[in-house]
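Counting from 86, one number per residue, gives the positions in the sequence shown under the numbering used here.
Below: the structure, in structure tokens.
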Amino acid sequence: MSEAKPFSPDDITFCIKTIHRPWSCHRLVESLQEHFVDPKIIVVDVTPREPYLAWARRLDDDDGPSIDEVPSEELTSVYLIEEAEEAEHSLRRHWESIFDEILSSWCADEKLWPGKRTFTMFQEWFDTRLIDLVFDLADEPIHEDA
Numbered sequence: 086m087s088e089a090k091p092f093s094p095d096d097i098t099f100c101i102k103t104i105h106r107p108w109s110c111h112r113l114v115e116s117l118q119e120h121f122v123d124p125k126i127i128v129v130d131v132t133p134r135e136p137y138l139a140w141a142r143r144l145d146d147d148d149g150p151s152i153d154e155v156p157s158e159e160l161t162s163v164y165l166i167e168e169a170e171e172a173e174h175s176l177r178r179h180w181e182s183i184f185d186e187i188l189s190s191w192c193a194d195e196k197l198w199p200g201k202r203t204f205t206m207f208q209e210w211f212d213t214r215l216i217d218l219v220f221d222l223a224d225e226p227i228h229e230d231a
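And the structure:
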């Protein structure tokens, strides 16, 4: 068995009852590093709140499903955005695009969208959760570097 390499200060270290098996812990850390997404990327998890649902209900017609018939997990959207010094600054840079995308997913006619959209309105219409530790477990890269 080869000797475990020392950890650097930048390593992600997890000690889940493996302190007595340093090689196992080392392999876990190496595996996590291999799948760790660029630390400059964060996930924004966006779930509609009642004001959005009320807006969507007003648009309901007989041609499609009612917003109330859509399972709540299908209404949640996830976005990858670049991280700023403060996570909320990242969200402030992208809230308009996120808002527009979610509105367009329910109604393509922009004339039926709320007129003046603000960051405060975005916060009233959606619950957001910022996640800064992201792992890519896919076999292939999610995106190619240019």
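Even glycine gets a Cβ: it sits at the ideal position worked out from N, Cα and C.
**Request:** Can you say whether Phe184 is buried or exposed, counting buried as having 16 or more other CB atoms within 10 angstroms of its CB?
**Result:** Counting other Cβ atoms within 10 Å of its Cβ, Phe184 reaches 16 or more and is therefore classed as buried.
**Prompt:** Can you tell which of Asp212, Phe207, Trp210 and Trp191 has the C-alpha that lies nearest to the C-alpha of Asp148?
**Reply:** Looking at the Cα atoms, Trp191 is the closest of the given residues.
**Item:** Sheet register partners of Asp130 (DSSP bridge)
**Value:** According to DSSP, Asp130 bridges with Val163 and Arg214.
**Item:** Span separating the alpha-carbon of Ile127 from that of Glu158
**Value:** C-alpha separation (whole angstroms): 20 Å.
**Item:** Rounded straight-line distance, which links the Cα of Leu160 to that of Glu154
**Value:** Approximately 11 Å between the Cα atoms of the pair.
**Prompt:** Given that a residue counts as buried once 16 or more other Cβ atoms are within 10 Å of its Cβ, and exposed if not, what is Pro107?
**Reply:** For Pro107, the predicted model reports a pLDDT of 48, less than 50, meaning its position is unreliable and no value from the coordinates is stated.
**Rounded straight-line distance, which links the Cα of Asp224 to that of Met206** = If I take the Cα positions, the gap works out to 39 Å.
**Prompt:** Looking at Ser162 and the ligand MN, is the gap between the Cβ and the nearest heavy atom below 6 Å?
**Reply:** Of the ligands one can find in the structure shown there are none, so the ligand MN has no counterpart to examine.
**Item:** Delimiting residues of the alpha helix (DSSP H) encompassing Pro136
**Value:** Per DSSP, Pro136 is one residue of the alpha helix (DSSP H) stretching across Glu135 to Leu144.
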